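The structure appears below as structure tokens.
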Amino acid sequence: MKKAVSHRRQIMKKLPLKNESFQYIEKSFREWLDILGYAKSTVYNLPNHIRELFYFLEQQNINNITQLDNQIIKEHYNNVKLRSNDRQGGALSSGSLNKHLQALYKFTDYLRQSGRMVLPTLNIDWETDDTNEIETLTPQEIQLLYKATYGYNENTRLEPLNARDRAILTIFYGCGLRRNEGYHLNVEDINFDRRTLHVRKGKANKERLVPFNKVNSEYLQEYMYDSRPQLIKDKRKSAFFINERGDRLGAQSIAIRLKILQQRTEYITLQEKNVRLHVLRHSIATHLLQNGMPLENISRFLGHTSLESTQVYTHLIHQDNGN
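Heads up, the sequence shown is in the numbering used here, so the first residue is 359 and it goes up one at a time.
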């Protein structure tokens, strides 16, 4: 696999660009990443991915960056996925494709911050991680995600989205729900008097009650009673997470909101991590164990069918401690 990745990098580096403005923008993007303090590997690799985008544009007879739009970027990315199966070294892994997506998302940030152009959020689906490696965030990084929900779109019709983002963090980190469990959550599933959340559609259709603390209760109530009514159009709908059209917020859209928060933090170490909804679940499990909660309680909290699934977090802690 490492040889395949290395071979692909050499291909990207050698792609010929005829357009001098594209060559200049690629160099400028690299310098921008370097100035922001990204790791050397990131400064080297991300512009190479963007060179692929420019090569694609030239093949489509697009020679000005102002002609770029989200549809063209999506066509390019889909083309990368299709061509990867035909290249020497085999198909790209999900992790490699997500690195490519990271480059595209970061490049749109560069275009906006450099004043070249402003594109809407890409909303390209992130690939499902195909490795067994468990990633977690530190408590400080979780706080950075919460902090990123403040200060955006204040006093506008979009302000309810900030409260919804805090509720998303609370459901998937504070309550440790799986992606599908959070997606199916309804308003009647949350009992604020008892501070419990009823997971009705857990893994293998198993139900469980999940407790949450006072702080999490405040985040959830803020969204449910103050912000959700501003998004909902049909009061008969029971979906907890509501999109801007008044319908149930899609699971992929929830995942994208997390990615947006990650980029808003402007904290480079956090931005370079592959943050997904399940990473929030891994993180709360690890933090609870570090704080002394018994393994059996964490297992029930997460809805694991056996302790074996939960014991992996003890190994993570041992690794962190150098054991």
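Using N, Cα and C, we set each Cβ at its ideal position, and we do this for glycine too. These figures come from a predicted structure and were not determined experimentally.
| query | result |
| --- | --- |
| Alpha-carbon to alpha-carbon, A521 and E352 | Limits of the chain in this structure are 359 at one end and 681 at the other, which puts residue 352 out of reach. |
| Residue interval of the alpha helix (DSSP H) (run including P497) | P497 to K505 |
| Contact set for L670: own chain, Cβ-Cβ below 7 Å, skip 5 residues either direction | Inspection of the sequence shows that residue 670 is occupied by Val rather than by Leu. If we look at V670 and ignore the five residues flanking it on each side, its Cβ neighbours are I492. |
| Where V633 falls, given that 16 or more other Cβ within 10 Å makes a residue buried | buried |
| Beta-carbon separation (whole angstroms), N574 vs T528, contact threshold 8 Å | 5 Å |
| Proximity below 8 Å, CB of I423 to CB of M475 | yes |
| DSSP beta-bridge partners of T554 | N549 and P569 |
| K593 burial status per 10 Å Cβ neighbour count (16 or more: buried) | exposed |
| Rounded straight-line distance, which links the Cα of F380 to that of G560 | 49 Å |
| Proximity below 8 Å, CB of N437 to CB of F414 | yes |
| Backbone secondary structure at A397 - three-state DSSP | coil |
| Contact under 8 Å by Cβ, G540 with I642 | no |
| C-alpha gap between V637 and R524, whole angstroms | 16 Å |
| Sub-8 Å separation of E630 and A397 beta-carbons | yes |
| Separation of R658 from P405, as counted between CA atoms | 45 Å |
| Reference H640, options L660, V557 and Q418, closest by Cα | L660 |
| Distance between Y468 and Y402 (C-alpha atoms, nearest Å) | 15 Å |
| Beta-ladder partner(s) of R606, from DSSP | I600 |
| Reduced DSSP category for N544 - H, G, I as helix; E, B as strand; rest coil | strand |
| Uninterrupted beta strand (DSSP E) stretches inside the segment 629-653 (no shorter than 3 residues) | none |
| L373 in three-state terms, based on DSSP | coil |
| Member of L578, N538, N544 and N563 whose CA lies at the smallest distance from the CA of G532 | L578 |
| Short Cβ contact (8 Å threshold) for L503 with Q620 | yes |
| Sufficient close CB pairs (3 or more, under 8 Å) joining the segment 537-557 to the segment 596-608 | yes |
| Alpha carbon of L616 to alpha carbon of I500, nearest angstrom | 11 Å |
| Reduced DSSP category for E378 - H, G, I as helix; E, B as strand; rest coil | helix |
| Enclosing alpha helix (DSSP H) for F530 [first to last residue] | No alpha helix (DSSP H) holds F530; DSSP gives it neither H nor E. |
| Sub-8 Å separation of E416 and K376 beta-carbons | yes |
| For S452, three-class secondary structure by DSSP | helix |
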